[in-house]
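Once you know that position 84 of the sequence shown is 186 in the working numbering, the rest is easy, because the numbers rise by one and skip nothing. Where is the CB? At the ideal position from N, CA and C, for every residue including glycine. Note sheet for the following structure.
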Amino acid sequence: MLRVRGNHNKERQRMMKGTNGLEWLADRWQSVATAVPRRFENRGVSGGEVIAAVTKPQTRSIVVQTEPFAKDSFFGESGPAELCIWDNFRTQVLSAVSETVPAFRGTLTRTELEEHMGDSEIFANGTSRPLLSPDDFVAVVRDLISRQPRGERGILLTNGDANIFHVQPEDGPVVAVRGRWRVGLGGWSLRAYGRDDVRWLKGHCVFSRG
């Protein structure tokens with residue numbers, strides 16, 4: 103994991119050097135917590151049937167309008183927000199982003215999960231369609247983080263739960279990106295997962311275009 107700093111003093115940077123282990127433990131705890139047996143599969147029930155039985159999730163529409171910007175102006179070491187960028191996010195998503203990110207004009211739908219779900223179940227429910235391109239994703243997440251740079255309450259969850267975005271690179275498989283405010287540590291963490299690597303918990307939020 104690469105820690106990317108915003109405009110913070112050197113003393114704070116020295117204090118934060120020891121947080122890699124805490125971040126790793128937090129992610130390990132999430133992995134354990136989300137490794138829930140798929141009880142409906144054991145009973146011969148399809149994911150679609152389970153989804154149909156779930157009450158209608160809470161949704162919210164968000165308008166996002168951005169101007170073109172240089173990728174490194176936000177995701178580089180001198181960016182204005184404190185970011186903890188995991189290597190898998192850098193290689194699977196950020197490497198596919200244009201050096202100058204195009205303007206984004208569109209609407210996002212924010213959906214709160216009513217049940218624990220894997221990515222395939224989310225896709226089957228239509229919650230995360232259409233998928234975001236890498237350029238669209240970084241434009242969107244830059245805008246949203248800029249509204250809550252210090253973990254203020256707002257559109258993104260800041261209680262340590264996952265903000266989930268599904269990204270489709272042009273030459274690769276779908277990636278689930280988790281954006282998370284690091285409670286107690288500060289800064290935003292961006293990490294990429296393969297499809298169905300994680301079972302997302304009830305209360306986590308999925309963001310999609312449209």
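* Rounded distance between the beta-carbons of TRP302 and ILE266, thought under 8 Å -> Between ILE266 and TRP302 a beta carbon distance of about 6 Å is seen, short of the 8 Å cut, so the two are scored as contacting.
* To do: Report whether the distance from the Cβ of CYS186 to the nearest heavy atom of the ligand NAP is below 6 Å.
  => Absent from the structure shown: the ligand NAP. Ligands present: none.
* **Chain-order list of residues whose beta-carbon lies under 7 Å from that of ASP245 (same chain, five-residue window excluded)** => Excluding sequence neighbours, ASP245 sits near VAL166, THR168.
* Going by the CB atoms, is the gap between ILE224 and ILE164 shorter than 7 Å? -> In this structure, ILE224 does not lie closer than 7 Å to ILE164 by Cβ.
* Residue from ARG249, PRO236, ARG255, PHE176 with nearest C-alpha to PRO275 -> Closest option to PRO275, Cα to Cα, is PRO236.
* To do: Could you spell out where the beta strand (DSSP E) holding ALA278 opens and where it closes?
  => Element bounds for ALA278: 277-283.
* Asked: Among the residues of its own chain, which have a CB less than 7 Å from the CB of SER175, if the five just before and after it don't count?
  -> Hits under 7 Å: GLY181.
* CB-CB under 6 Å to GLN270, same chain, minus the five flanking residues each way: which ones, in chain order? -> These residues qualify, in order along the chain: LEU233, VAL276.
* To do: May I ask you to report which of helix, strand or coil DSSP gives THR193?
  => Per DSSP, reduced to three states, the secondary structure at THR193 is helical.
* Beta-carbon of ARG301 versus every beta-carbon of chain D: anything under 7 Å? -> Protein chains in the displayed structure number just one, and chain D is not present.
* Three or more C-beta pairs below 8 Å linking the stretch 290-310 and the stretch 215-224 -> Between the stretch 290-310 and the stretch 215-224 there are three or more inter-stretch CB-CB distances shorter than 8 Å, so the stretches are counted as touching.
* Buried or exposed for ASP189, please, with buried defined as at least 16 other CB atoms from any protein chain shown within 10 angstroms of its CB. => Exposed.
* To do: May I have a chain-ordered list of the beta strand (DSSP E) segments no shorter than 3 residues that lie completely inside the stretch 222-287?
  => With a minimum length of 3 residues, the continuous beta strand (DSSP E) runs that stay inside the stretch 222-287 are 265-269, 277-283.
* Three-state secondary structure (DSSP) at SER200? -> Coil.
* As assigned by DSSP and simplified to three states, the class of GLY312 -> Under the three-state reduction of DSSP output, GLY312 falls in the coil class, being neither helix nor strand.
* **Rounded C-alpha distance that separates ARG311 from VAL243** => For the pair ARG311 and VAL243, the Cα-to-Cα distance works out to about 12 Å.
* What separation, rounded to the nearest whole angstrom, lies between the Cα atoms of VAL44 and GLY262? -> In the structure as shown, the chain starts at 103 and stops at 312, and residue 44 therefore has no counterpart that could be examined.
* To do: Less than 8 Å between the CB atoms is what I'm expecting for THR202 and THR161, so what's the real figure, rounded?
  => THR161 and THR202 do not touch by the CB rule: their CB atoms are close to 32 Å apart, not below 8 Å.
* First and last residue of the uninterrupted beta strand (DSSP E) at SER175 -> Annotation for SER175: no beta strand (DSSP E) segment contains it, though the alpha helix (DSSP H) segment containing it runs 173-177.
* Would you mind sorting ASP273 into buried or exposed? The rule is 16 or more other CB atoms within 10 Å of its CB. => Label assigned to ASP273: exposed.
* **Cut-off 7 Å between Cβ atoms - residues of its own chain near GLY289, not counting five sequence neighbours on either side** => Correct list, in chain order: GLU184, LEU185, CYS186.
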